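Trainee: Per full-length UniProt numbering, residue 1 is the first one in the sequence shown, and the count goes up by one each step.
Beta carbons are placed, not taken as given, at the ideal position from N, Cα and C, and that holds for glycine.
Here the structure is a predicted model, which means the values were calculated and not measured.
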Amino acid sequence: MSHKDLPDGEHQTPAGVSDATVEALGMLSEALETVERARGHLYTFHQLTGEADLALGDAVDKLREAGHEDVARRISEDLVGRNVIAGRWTFQIVEDYDDGYWQAFREHERSAREELAGGVRHLAEARMKQDRRTHGRPGHEAGPADAGTTTKESTR
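(1) Do you know whose CA, among Glu69, Arg110, Gly26, lies nearest Ala126's CA?
(2) Taking DSSP's pairing of strands, which residues face Arg88 in a bridge?
(3) Using the C-alpha atoms, what's the distance from Leu123 back to Glu23?
(4) Look at the Cβ atom of Gly87, then the Cβ atom of Asp53, and state whether they are nearer than 9 Å.
(5) Does the beta-carbon of Gln103 have 16 or more other beta-carbons within 10 angstroms, so that it is buried, or is it exposed?
(6) Would you mind sorting Gln47 into buried or exposed? The rule is 16 or more other CB atoms within 10 Å of its CB.
(7) Any idea what DSSP makes of Leu79, helix, strand or coil?
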């Protein structure tokens, strides 16, 4: 990969930062992005499980209304409001993940970036953009300041 940087001022590789360091920090950043996606799925799990529990409560009510009190009682007592893992509802799982693994991961990624590259984010991606864009072509500008005014017509 080329060692050229974007000329936008925000993604210049600080002096003394090697290509190998930029590559390693890029991999660390990519790993963090995967953790961010996993966190999003965890929130989806949290919301879907909560929606299911509310729908289950409605189903229990309908079973009662239909005259199936024994079935409704068994489901209500055993399943409505039940912990999804020992001692925890999903909000507690989300909180533990956020306060533990996710927070530690973010802190290590930030700390490594600050220590090794002056805190500059996405150096590897900036280099990739510089290598892959067609210089001088509309829609391939180095940064927003170079793009000028963009209209719907020019982006089609």
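Mentor: Short version:
(1) Gly26
(2) Ile85
(3) 8 Å
(4) no
(5) exposed
(6) exposed
(7) coil
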